[in-house]
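J.:
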Amino acid sequence: MQLILLLVSLLMLIATFIEARDSDIDKKSLRTERLGFCPRYETWRKCGNGCEKSCTHPRQPPFSQCKLPCIPYSCRCNPGFYRDNQGTGRCVRLRRCKKW
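Position in the sequence shown counted from 1, then plus 15, gives you our numbering.
#1: On a CA-only basis, which of Arg105, Gly102 and Arg98 is nearest glutamine 75? Give me that one, please.
#2: Would you report the Cα separation of threonine 58 and cysteine 92, rounded to the nearest angstrom?
#3: Tell me, to the nearest whole angstrom, how far the beta carbon of cysteine 66 is from that of cysteine 81; I am working on the premise that it is less than 8 angstroms.
#4: Let's test the definition: count the other Cβ atoms within 10 Å of the Cβ of phenylalanine 52 and tell me whether it reaches 16, buried, or not, exposed.
#5: If you reduce the DSSP assignment to three classes, tell me which class aspartate 99 lands in.
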């Protein structure tokens, strides 16, 4: 019984820590980060697509069909752009992807 009580208390402590960690960004800071953080051809996302299209995987499923978890608070490529994961790491048009 004491072990169960200890485990429940520990889980509640962990949940509280995670919630506090994710809520430490106030709205003004969040807006500032979103507007000035992302490089060209990228958009800041609160929950970015884990299936982002890239030069090596240009046919990834859309966000609604992606089975990977979202990537919180991240810059993701704009529509029509692909992550250059073999070169600069930036978002480029498919024709600009490096050919290896």
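Ideal Cβ positions, reconstructed from N, Cα and C, are used throughout, including at glycine. None of the values given here were measured: they were computed from a predicted structure.
T.: Working from what's here:
#1: Closest by alpha carbon: Arg98.
#2: So the two alpha carbons sit approximately 6 angstroms from each other.
#3: Taking a contact as a CB-CB distance under 8 angstroms, the pair cysteine 66 and cysteine 81 counts as one, their CB atoms being some 4 angstroms apart.
#4: Looking at its Cβ environment, which holds fewer than 16 other Cβ atoms inside 10 Å, phenylalanine 52 is exposed.
#5: Aspartate 99 falls in the coil class under three-state DSSP.
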